[in-house]
Every structure is written in structure tokens, then in C-alpha cells.
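Under our numbering, the letters of the sequence shown match residues 1183 to 2119, in that order.
No residue lacks a Cβ here, since even glycine has one placed at the ideal position from N, Cα and C.
Beneath this line is the structure, given in C-alpha cells, with notes to follow.
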Amino acid sequence: MDSSLPESRAKRQAAIRGPLIEASVLAADLETITVAAGKTQDARAEVVQILKRRLAEARRTAEERLIATSDGRGCAEALSHFQDDVIRALYRWIMDQLYPSENPSSGERMAIVATGGYGRGMLAPGSDIDLLFLLPYKQTAWGESVAEAMLYCLWDMGLKVGHATRSVDECIRQARTDFTIRTALLEARYILGDAQLFGELERRFVAEVVRDTVPEFVAAKLAERDERHRKTGQSRYLVEPNVKDGKGGLRDLHTLFWIARYAYRVKTDEELAKKGVFTRREAQMFRRCETFLWTVRCHLHFLTGRQEERLSFDLQRELAPRLGYRGHNGLVDVERFMKHYFLIAKDVGDLTAILCAELEERHEKPAPVLDRFIARLRPKSRRGFKESPDFQIDHDRITVADDQAFARDPVNLIRMFWLADRYNLAFHPDAIRLLTKSLKLVDDKLRNDPAANQLFLSILTSANTPEIVLRRMNEAGLLGRFVPDFGRVVAMMQFNMYHHYTVDEHLLRCIGILQQIERGGDPSLGLAADLVKTVQPRNRDLLYVALFLHDIAKGRPEDHSTAGAKIARKLCPRFGLNALETETVAWLVEQHLVMSTIAQSRDLAERKTIETFANVVQSLERMKLMLILTTADIMAVGPGVWNGWKSQLLRTLYYETEPVVTGGFSEVNRSRRVEIAQEEFRRAVPARLPALSGDALETYIGRHYAAYWLKVDLATKIEHARFLKQAEDEGRSLATRIELVDGQGVIHLTVLAPDHPRLLSIIAGACAATGANIVGAQIYTTTDGLALDTISITRAFDRDEDEERRAGRIADAIEKALRGEMKVGEAVAAAAKKSPSRHRSRTFRIAPDVSINNTWSTRYTVIEVSGLDRPGLLHDLTSALSRHSLNIASAYVATFGERAVDVFYVTDLMGAKIQSAQRQTAIRKVLTNVLEDEGAR
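Dropping the structure here:
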């Protein structure tokens, strides 16, 4: 065997882990540059050029190593080490060439200190550098000149440098009152200069700032963390997470370590295990999480060439193969990558919970309960529960009586969570640690144990805090073990722009939202809050089971609704449900998308639509359950997805179908509901729109068809009336109205115009020409020939003032287009070439689908198109229909993330359905080409 092999391997390892560029090389580079008389700027520029070249070289090497090793922590440490060497070489050159001093005075002492993230000794490729120029006392001309020379060189290198020049006294004084400065100094690291000065800062910081202030620092950091989570998204399972600031990201690990360092005086994560805060396994978990997140973050910065922290869909697709992920077991590479990411985020949450529990033990932070908003009756004794001797209460947290609690009776794994829910208790870290070690006890015997399943069903259907308890079960790893089908969707991302959360997180949020619906009191919950009080008592529990299971088959080759129903038929008997209850749950799972689809994409005034839906639900009780489940499902998708329009559509579909399932279709019932809606409008008008009264009010009511009165909510009807009256008073038949909608991420733009076949196409084209993305449309016509169309457009700005100006430009474009002052087709084509969302949408692949159906309506041919959304798509589709001599009687526009689903009710120019198979084929072909972005322009 060649004896040189181990030696060569060792050299390769040393090369991978060694300095990116040797410090001696940097020093030698700068030694050759001297300052000639009056040529200071030239010399400095030469220094900057050399260091910029070395910086680019170091980053290339760091990226090559990162790709080879996937060691993000090592990459960050190497970049930090290189930055230290740059600062040392630069400082020495400045002292030698610009400000030499043979005998420095006491005022010419300085320590250069790394603070913040750089102080930790880790630096991402695009990160800021935080420096403290530490002086013995107040600023001097010498200290100011040295700091200024260094900073200008670093800035000219293209680095982002945060800096402060302070004395030790100033550092201590400001750290006492400012937690940001205190945190930065907590991680202060000496680079070069006067080491005694830095030592003095360290000693005084501990003695005068840290001592006796642990509780206030912990509280401040946790409050800061909570506010950060509020801004970036409260869940660690957002499908486009922020690697640095998101929940479960690097900043959470940093916060955890800041607190540990402050409270336990540790400097490394290994010391946390030595102090007994973490077990050795947990300390290893900390290191593993940190390495993974640093790896992702460094790749992000290298890939984008900037300080990018958001793991957007397009970057996920590029990063997955770069990180070495490949498709496997039905999951594509990007889904496997993101599943790993979310499991790491879960581990970060576990570590945070463990540290917080240790701090509570030391009384450094208040002990929590599961839900601070519900005061529950707890057992009086602090020693045990009457329900089980295997558990005790310790500072309002449930813990085990001994380390054999789970081995003695594996049902206790489930029972602990049942007790926590019943008495509103948090979990002691010792109990969670023992549970994690005991997960191997979860076998088929436990899964089929009647007592365990009864306890689980009680947790799932609890009136207390089922979402919180189920989430803790999930994070502890128990839920996926006890229900293996659920385990398959844990941390499973849905690679689309519609769903905001992983599949398991979505299912748990559904449970929480169903509980909100039960409690009521929120008008935004719609009809569901009223119906839930009227369902049969046992069916209330079935709703919770159905919501828990409705997406459990995601990620399988079979349609997830069909596969989910099969899983429900398998699991429900295990949970203790009888045959009838099992069939109800399976039906809800299999049909859980039907009501949403019909409500948003069908003509609810069409008798066939209602009869089709009635044939699906068949009974009033089932329809109630479906509406409640649909409401919870949509609300749990993510912020802003549920809105008043969708609520009203579900309400309309429910009340249109009610007479059919309770005794036959009745136009009388429908007419009566129109009268009730009109009467409600009459009662509301005097207070909200007093200018509309008497004959004018009755004339206005007569301008709208029955469908309008049934499908539009009262508040919108009032605003429409105000808008139409103002337009009429001004003598305008063409007008626009803008409405900013809080919390939904959209604006509503209402257009009043004379109705004609190409109206929707022109409006859609004007929106596309101004870069506006249409995500929904409500289209109505009046009896006097006007169209009243409301377009929902994605917001572009956070500030309302900015969004109003943008909306004004869009409205102006629509009016110009409708007046014939804009060449819409040319404007759309030009805007599409510049659109950033065009590139983003191409991250996804959706097969185009066009269906043409003559059975869904008695009067119209219904064309449903589904495909990848893009700017100008609605304009291109409607233009294509117009070119094929089709009249669009009504349209239903919906967007589910990157998927557009548009439905058009059409006739030929003679008002007849499209019956010819040859013509249907031609229409299908041209619409498919539009969806594929061919022949669109």
C-alpha cells in the first residue's frame, strides 16, 4: 500500500480547513506599498485594490470549500478569520505608513474589537462587519484619524461596516441602558491592539452590566424574538422561510446562545452541556442545527451575490441540487431539502424550549401555561394527579414521577398530553427528554390500544387547547409515531405559492381555527360560526377528526382526497368511531375541496350548479359540516387567503342549495331570499347613504339582478351604491373606485363601464400593462346595460400611501384603455418582458388543462382553464375567446398561488352553446397555447 496516501489526505484536509489566504501573504502584499510625499490617496487606493482582489479570491475559495464539504459553519469561520487578517494587515500598514509613532502616549492606545455576529467569529459572505474602536478614555485626534483611515479602506473594498468609537466608560454606560449595545458587547472579540484595554472592558462588563440583570436581559431578548417572529411570520413552518430572522432560524439560535452566555457565563455551545443546561445529545443537536443553517445561509449569499436571507421558491429549486439533494420516495429534490430544513427548524424550537424551561427553574423568567388566555382549574396538590400516579406537577409543568413512567405503561406517552390539555400545563424538559428517549415504545400494540386511542381522540376534540397540545406532540416526535400516516407529512412542504405552511402545520392550524369557529364572536368567520352551533353533538367531534385527516395523503401518487378517504376508513375505527361516523369522516375528506371549488368557480345563479352540489352533499347536516370544514381549511392556508368575498360565496352556495336538500328546488324560496337581501339594504341605506332615498332608492334596487343581491355582502353593496350614485351625479358612465383591504395582501379596484363583450379582456390587459397581478374578479351587470366589475389585485407596497398612488395609476390605465387611448395588446407585451414575477412563476411547473362542458349550465358552455399564472394571462385568455367569436356571459377568476383557475360561461355570437366537437377542439388548442405562453401575443 502506498504510505503517502494518509499524508496526502491530511494535506487535503488541512487545505480545506486552513486559512482562505495566509496572513503572511496579506502582510507581504501591503509591505510593498509605501506612501510618497503628497501621494497618500494613491497609496490608499493601491491598498484597497490589492485587498479587494484578495477578498474576491478568498470568497471564491470559501465557496469552493462550501460546495465540497457542505460545512457552512466552517465557511463562516474561515471568512471571519480572513476578515480578521485583513483588519490586522490594514491596521499595521496604516500605523507604519500613515500614523507612525515611536513613543505612543497614553491617549494613543486602541483595541480593535469585533462585535455582534462578527464577534461570534462567524461571517456570512454578504454579512455586515461590526467593529468597535476601543479607547482608554475620550476620543483623540489620533484615534479618530486611525479609525477613519481604516473605515474608508474597508468601505472602498465594498464591505458594509457598522462601527463605533468609544471609551470603556462609554461602553459600560450605554450597555446599561441599551439592550442592542449590551448584546453586541456580550459577543465582543479581541482582534488586535491594546489587549489590556479589552480585558478591562470584559471585566467591567460582567461586574457592572451583567451581574444581577439576568432576568431583565432574558425578558428583553425573548420579547425581541417574539416581535421578530411577528414581522417575519409566527410559524417556523412557513414555506418561504427567512433563514436568519424567521422562527426556527439562525437568529433564534443566536438568541438562545446570548441568553445562555449571559445567564451561565459560557462561551461555547460545548460548555452548555458541561453546565448541565443541555445534555450531550442536545449540545450536538445545537451544533448540527447551526451548521445546517449556516450552510444554507452561505449558499444563499453566494448564489445571489448579496445578503439574501429569504429562502424563496426560485432559490429553493436552485439550492437543492447545489446542496446535494436528489429526488427519492416520491419527493423531488427541493421537497426533500425543505423537509430537512423544517425538521432543523423544529429542533431549534426544541432547544429554545429546553433553555427557557431551565431558566424558569432558576426563576429567571416566568413559568408559562399552555394558554395564557384560559384559566384552568389545576389540581390542588403539587405532587400528583388523581388520574395517574406516574405524573406530577412541578412549577405549573407536568413531569414524570420517575424515569420508568413510560416503560411501565406506554399509554402514558399519550396520557401525559391528555393531562396537560385537561389542566392547562406546560411540559417540564425532563419529561420531554424522557419521552424522546422512549419513542421506541410506540409500536402497533400501543397504536391499537383502545385506551390510548380514546385519550388521543379526547385531545384532538378537546374544548381546551387541542392545537397547542397536538403541536407539542408533533414537535416531540410522538404524533407522527402514533399516527404514522401523519408522520409522512411532518415537515412536508407544498411546493407552491398558495400554501404558506408545511402540511402538518396546516393540519394543526385547521384544528385551532375550528376551535375559533366554535367560540364565535368574530364576524369574519362567516356562516360557519352560526352553523357550528346547530350540528349534531357527535358530528362536532367528527369535524375535528376530518380536519386532522383531510390533507394527510399529500405527497402520494394518488389524488390526496381519494387516498385520504382510504386512510380515514382505516384510522377512524382505531380512534373508536363506528361505521356510520367513519363513513361521514371519509366522505368529508374525499369531498373537502368541492364546496370551495364550486363557490369560487361556478355560476351560483345557475340551477344546474346548485343541483350538482346538492347531489354531492345530499343532506343539510352534511352540507353544514362541509361549509365549516371548508372555512377552516381556507383560513388555515395562510394570512389574507380568507376574505369577506369567499365567505359570502360559501354563504350563497349554502342558502341556494338548502331548499334543494330539504325538499326540492324552490324559486319561491330564492325569490324570498332576494327580497330579504333587498330589505336589509333598504334598512342600512338611511344611516350609511342618506342621499339615496325614496324613488331613487327603489330605482337603484331595480338596477341589479337577483344574483347580485344574493352573492354580494351588505358592506360592499353600500359602497357600490355610493360609487354608482357619485358617478351618476357627475354624469359619468365610466368610473373607477379603489379600496385597500387590511390584512389580505390585495386591493380591490371596481370598474363601472358600459357592458360589451371585450370589457373583461381590456380591463385585464390594462392591469397587466401596469404590472398589476389579478388574483380574483367579481363580475356583475346592471339591468340598464352597465358592467360593475371588481378586480382583486396583489399589493406591491406595505405603506398605504404608496399603494394608493400605484392603484391610481392602474385605474387611470383602465379608463384610458376603455376610452381607446391605449393600445392594450402592445402595452401588455411590453410589460410582460419586464415583469419580475414572470421569472418567479417559471419556478413552478403546472400542466395546462382546458375543459369544455355543456352539462354544467342550461344556457351556456362552461370553459374551465387551469395552468401556471403569469402577468397578462387573463387578458390573453379572454382575447383568445373573443378572436374565436365567443361571447363571455360571465367569468369566475381565481388564483391559488401560482395556479390560475378561470371559468368562462360562453355562447357563440348567436347565443347558442358550442356543440361542435371540431370547434371545441380548436378552442381547447388555442387556450392551451395561451396557458403554455405560446401564441399569446
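| Check | Outcome |
| --- | --- |
| Taking the alpha-carbon of W1275 as reference, which of F1264, S1262, Q1697 and T1222 has the nearest alpha-carbon? | T1222 |
| Are there 16 or more other CB atoms within 10 angstroms of the CB of R1854, so buried, or fewer, so exposed? | exposed |
| Quick check for students: name the residue ranges of the alpha helix (DSSP H) that lie wholly in the region 1574–1645, counting only runs of 4 or more. | 1587–1590, 1594–1605, 1611–1619, 1626–1629 and 1632–1642 |
| Within the continuous alpha helix (DSSP H) that includes S2033, where are the two ends? | Segment D2031 to N2035 is the beta strand (DSSP E) holding S2033; no alpha helix (DSSP H) there. |
| Just checking my contact of R1959 with S1974 at CB under 8 Å: how many whole Å lie between their CB atoms? | Inspection of the sequence shows that residue 1959 is occupied by Ala rather than by Arg. That pair is a contact at about 7 Å. |
| Within the same chain, show all residues whose beta-carbon is closer than 8 Å to that of S1915, passing over the 5 residues directly before and after it, in chain order. | A1909, L1934, A1935, P1936 and L1968 |
| Could you tell me which of R1852, V1843 and K1899 sits nearest to V1867, measuring between CA atoms? | K1899 |
| Which residues in the same chain as R1833 place their Cβ atom closer than 7 Å to its Cβ, once the five residues preceding and following it in sequence are excluded? | G1708 and L1709 |
| Which residue marks the beginning of the beta strand (DSSP E) containing D1984, and which one marks its end? | First-last for D1984: D1982 to L2000, but that is the alpha helix (DSSP H), not the beta strand (DSSP E). |
| Counting only the same chain and skipping the five closest in sequence on each side, list residues whose C-beta sits under 6 Å from that of L1628. | P1592 and A1634 |
| Span of the beta strand (DSSP E) holding Q1960? | I1956 to T1963 |
| So, do the region 1266–1274 and the region 1326–1342 have three or more beta carbon pairs nearer to each other than 8 Å? | yes |
| In the DSSP assignment, the beta strand (DSSP E) including G1344 goes from what residue to what residue? | V1343 to S1349 |
| Return the chain-ordered list of same chain residues with a C-beta closer than 7 Å to the C-beta of F1588, the five sequence neighbours on each side being excluded. | N1594, L1595, L1616, L1617, S1620 and L1623 |
| For A1917, list the residues DSSP reports as bridge partners. | L1934 |
| Could you say which of A1950, V1717 and H1938 lies nearest to I1699 if we only look at CA atoms? | V1717 |
| For the structure I just gave you, are there three or more beta carbon pairs, one from the region 1571–1590 and one from the region 1603–1615, closer than 8 Å? | yes |
| Per DSSP, what kind of secondary structure is R1722 in: helix, strand or coil? | helix |
| How many Å lie between R1558 and Q1782 at the Cα? | A caution first: R1558 carries a pLDDT of 39, below 50, which makes its placement in the model unreliable, though a value can still be read off. Roughly 41 Å between the two C-alpha positions. |
| Taking the alpha helix (DSSP H) that Y1887 belongs to, which residues open and close that run? | Where Y1887 is concerned, there is no enclosing alpha helix (DSSP H), given that its DSSP letter is neither H nor E. |
| Do you know offhand how far Q1466's Cα is from E1453's? | 11 Å |
| Give the secondary structure of S1853 by DSSP, where H, G and I count as helix, E and B as strand, and everything else as coil. | helix |
| Cutting at 8 Å between CB atoms, please list the residues of its own chain near S1706, excluding the five before and the five after it. | W1824, G1826 and S1829 |
| According to DSSP, simplified to helix, strand and coil, what is I1294? | strand |
| Quick one: grab the DSSP three-state call for A2073. | strand |
| State the CB to CB distance for the pair L2109 and A2062, rounded to an integer number of angstroms; the pair is presumed to be in contact (CB under 8 Å). | 6 Å |
| Determine the contact status of R2081 and I2028, defining contact as a CB-CB distance below 7 Å. | yes |
| Does the Cβ-Cβ distance between A1750 and L1731 come in under 7 Å? | yes |
| Does the separation of the CB atoms of Q1636 and G1531 fall below 7 Å? | no |
| Along the alpha helix (DSSP H) that carries F2086, what are the first and last residues, could you check? | First-last for F2086: R2081 to D2090, but that is the beta strand (DSSP E), not the alpha helix (DSSP H). |
| Once DSSP output is grouped into helix, strand and coil, what is the label at N1424? | strand |
| Measuring straight from C-alpha to C-alpha, what distance separates V1894 and L1831? | 8 Å |
| Could you pull the start and end residues of the alpha helix (DSSP H) that F1460 belongs to? | First-last for F1460: undefined, no H or E at that position. |
| So, using beta-carbon positions, are Y1962 and Y1890 closer together than 7 Å? | yes |
| What separation, rounded to the nearest whole angstrom, lies between the Cα atoms of V2044 and P1719? | 40 Å |
| For H1483, does the three-state DSSP call read helix, strand or coil? | helix |
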